[in-house]
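Take the sequence shown: its letter number 41 is residue 41 in the UniProt record's numbering, and every next letter is one higher.
Virtual Cβ for every residue (Gly too), placed ideally from N, Cα, C.
Here the structure comes first, spelled out in structure tokens, and everything after it is commentary.
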Amino acid sequence: HYGVYDFKHIWGVDQDESNRRVHAFFESRHFVEIPAVDGALSTLQRVQGCCNLEVVTSRQHVIEDDTRQWLGAHFSGVFDDVHFGNHFAMNGTSRKKSEICDAIGAEVLIDDNLAYAADCAQAGMRVLLFDFRGEYPWSKPTQPLHSNVSVVHSWQEVEMALVKLSKAKAKALSLGAAPTGGEL
């Protein structure tokens, strides 16, 4: 287990070597055999009726085809689109998740990375920080979280939060008020 989501620190190497090792992993069979998290598919299928679901990933463009194939195999018909941040790439430019989310009009981000959660929360988005069963050490905050961030430990908690936010938005719109994002 590791407590940070920054491989150069985990391996004790510079960023270039870290990028090289990650790209070598992309070429391995282990990369395409990564399983989906238990409960994700059924939850996302249930919330499709109240939420427009799009993937915003930090993954690199070099693995775009593999990522789309993996999503098709594990989440067929669930996501309307996939957006790549191209973070830590050996080629091309990167985009922050907050920039991508702003460009597509996203209201909520589900992520297990503290840095991405903080970035999007500071940009005004609601964030569900995913710490599956409390077992993701890299999702443990070392300082107080932004008020827009709520920690969730299961896909059931994700579903409850999304349904609650969707109902709050619908109620605000029916009253002619601007939705505030609701309280989780």
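- With respect to the 8 Å criterion, S150 and L128 are classified as neighbours on the basis of their beta carbons.
- By the Cβ-count criterion, K97 is buried, with 16 or more other Cβ atoms from all chains shown falling within 10 Å of its own Cβ.
- Under the DSSP definition of a beta bridge, E54 partners with D81.
- By the C-beta criterion, the stretch 101 to 108 is judged to be in contact with the stretch 47 to 64, since at least 3 inter-stretch pairs fall below 8 Å.
- Look at L129 here: in three-state DSSP terms it is strand.
- With a cut-off of 8 Å on Cβ pairs, the stretch 21 to 35 is not in contact with the stretch 125 to 140, counting fewer than three such pairs.
- Taking the C-beta atoms as reference points, L41 is found nearer than 8 Å to H74.
- Distance between T43 and F130, taken at the CA atoms: about 14 Å.
- Taking a contact as a CB-CB distance under 8 Å, the pair I100 and V158 does not count as one, their CB atoms being some 20 Å apart.
- Taking all protein chains shown into account, Q60 has 16 or more neighbouring C-beta atoms within 10 Å of its C-beta and is therefore buried.
- The C-alpha of H30 is placed about 32 Å away from the C-alpha of M160.
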